[in-house]
Structures are given as C-alpha cells and as structure tokens.
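Take 129 as the starting number for the sequence shown in our numbering and just add one per residue. From the three backbone atoms N, C-alpha and C, an ideal C-beta is built for every residue, glycine too. This structure is a prediction, so every number in the text was calculated from the model and none was measured. See structure below.
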Amino acid sequence: MGTFTPFKELQSIIHKVVYNKSKKFTPIAETIYLQNKFDLDMLYQDYPELKSKIGSAGKERRLTTSIFSLPIFVDEKDSKHQIKIWGIINSNTRNYKFMNEKYLESNSMLHYYKVLLPKSNGSGALGEVLSTPLIGEPLIGYTQSFIGIGKFDNITEAENEMKYIKTKFCRAMLGTLKVTQDNNKGTWKNVPLQDFTENSDIDWIKPIPEIDQQLYKKYDLSTEEIDFIESHVKEMN
C-alpha cells in the first residue's frame, strides 16, 4: 500500500526512499519511544492518597500531560534520586520538574541519550519547522507531551540524529504522513533510519545543508525532486 500525496515530485521521492527494493528501508519510527510510566505499586506505597488523582480509577500508568499537578513533582532537585521530567505547563509552555526515579517503571530508554520532540507541533503543513528539539540525556524522562527518538550510548550520536531531524529531506519525508498537529509515532514511518555512528555513510560533521545534499545523493533524487524539497521545506538551524 502506498502513501497518497497531491505532489507528483513527493510521490516519486517516496517510491525511491521507501519502496526501492534495492535499498533496505527501516523506518525511524521503530526507534521512537512514548512517555515514561509510573510504577504504581511503589507510588501508592508512599502516596496512597494519589489513587483518587490518577486517571482510569488509579490505574493510569502513563505520565499524562497534566501529571505535573501531583505533589511528587518539585521545581528544584533536592535529592540525588530525583530525575528531570520534561512536560507542558500552562497549556503550551514546555518545562520540566523533578521526581524520584523509584516512582517510574524500569525503562532502559531512561538511561540513554535521545532526541525529544513535542508530540503536537505546527499545523501539518508540508515542510514546516519543528519546535526546537532537545537532547534528552540519561536520567531525563518525559510526559505524554513528548516523543523520544533514538537510544544512544553517547551524546554525539544523539546530536547527529538531531541534525538529521532538522534536514529538509527528513522533514519532507515526515510531511508525507504528518498532516495535522499530531506528531505521533505513525507519522514517522516514511522517514528512513540512518546510521548515526562514526561509521555512517553520512558525514554528520558537515552543516545541515551539506547533509541534505548527501541524503539527496544517497537516495538518487533527481534535480526536479531536490528542487521540490528545497523550495517547499523551510530551513532549520
């Protein structure tokens, strides 16, 4: 099953990138992780009164968008056991608070570098700029307001992935499925995963416009297809 788009240039790009049988395609969506979750047993052991404040009759494990209202979250870190959690306050302002790590389910993502993006972004217009991505260091979690992309042992690979997300090529492929504000995992399934290590076929040290040129060459894009991306997708620094 293909992806419908009214742009003939984008349709041909999709076939070269996603459906080209001569090149293995792995979607970056496979490396996207949703919000952290509570260890409710541990939470209720210390805060039994929170059962009436957690959704789904006290069974909601996900860190939902309104979770910062719970008393386990504080503005300043005052213990080595507390970790930073990114979320949204006052409807649309990104911010973070701190909570004790023991109240979270064991999650290997928590101990790796990743790139964080808001789960809701823009209008869904092709080529729009993504709200400023963040590097999520080990022991940084996030609520339902964010998605985490990648799972890296070192910050360099996370920084390389951030560069990729900022390329016009990546956001053109994202735009084939992201047609609303919702920046969910499914909208990334036409975006090809790259090797972000030092052994990559892409030289990530280069500036983003030069990385774009490498990606155009990698996927054998024509001059017409390149011009389409360059003219329809906004630049990100």
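> Are Q272 and T159 close, meaning C-beta to C-beta below 7 Å?
Replying inline: no
>> Closest to E298 by C-alpha separation, out of I182, I156, G215 and S140, would be which residue?
In response: The sequence given here has Cys at residue 298, not Glu. Ranking the options by Cα distance to C298, first place goes to I156.
> Counting along the chain, where does the alpha helix (DSSP H) carrying T221 start and finish?
Replying inline: Counting along the chain, T221 falls outside any alpha helix (DSSP H), though it belongs to the beta strand (DSSP E) covering T221 to N228.
> Which of the three DSSP states, helix, strand or coil, is assigned to I195?
Replying inline: helix
> Going by the CB atoms, is the gap between I213 and M227 shorter than 7 Å?
Replying inline: yes
>> M170 and K225 - do their beta-carbons sit closer together than 7 Å?
In response: no
> CB P261 to CB H239, shorter than 7 Å?
Replying inline: no
> Leaving out five residues before and five after L254 in sequence, what residues of the same chain have Cβ atoms less than 7 Å from its Cβ?
Replying inline: G303 and H360
> Enumerated in chain order, which unbroken segments of the alpha helix (DSSP H) with a length of 4 residues or greater are wholly contained in the segment 142-213?
Replying inline: 168-174 and 183-186
> Touch check for the segment 288-296 and the segment 194-208: three-plus C-beta pairs under 8 Å?
Replying inline: no
> Taking C-alpha atoms, which residue in P320, L343 and L321 lies nearest to D331?
Replying inline: L343
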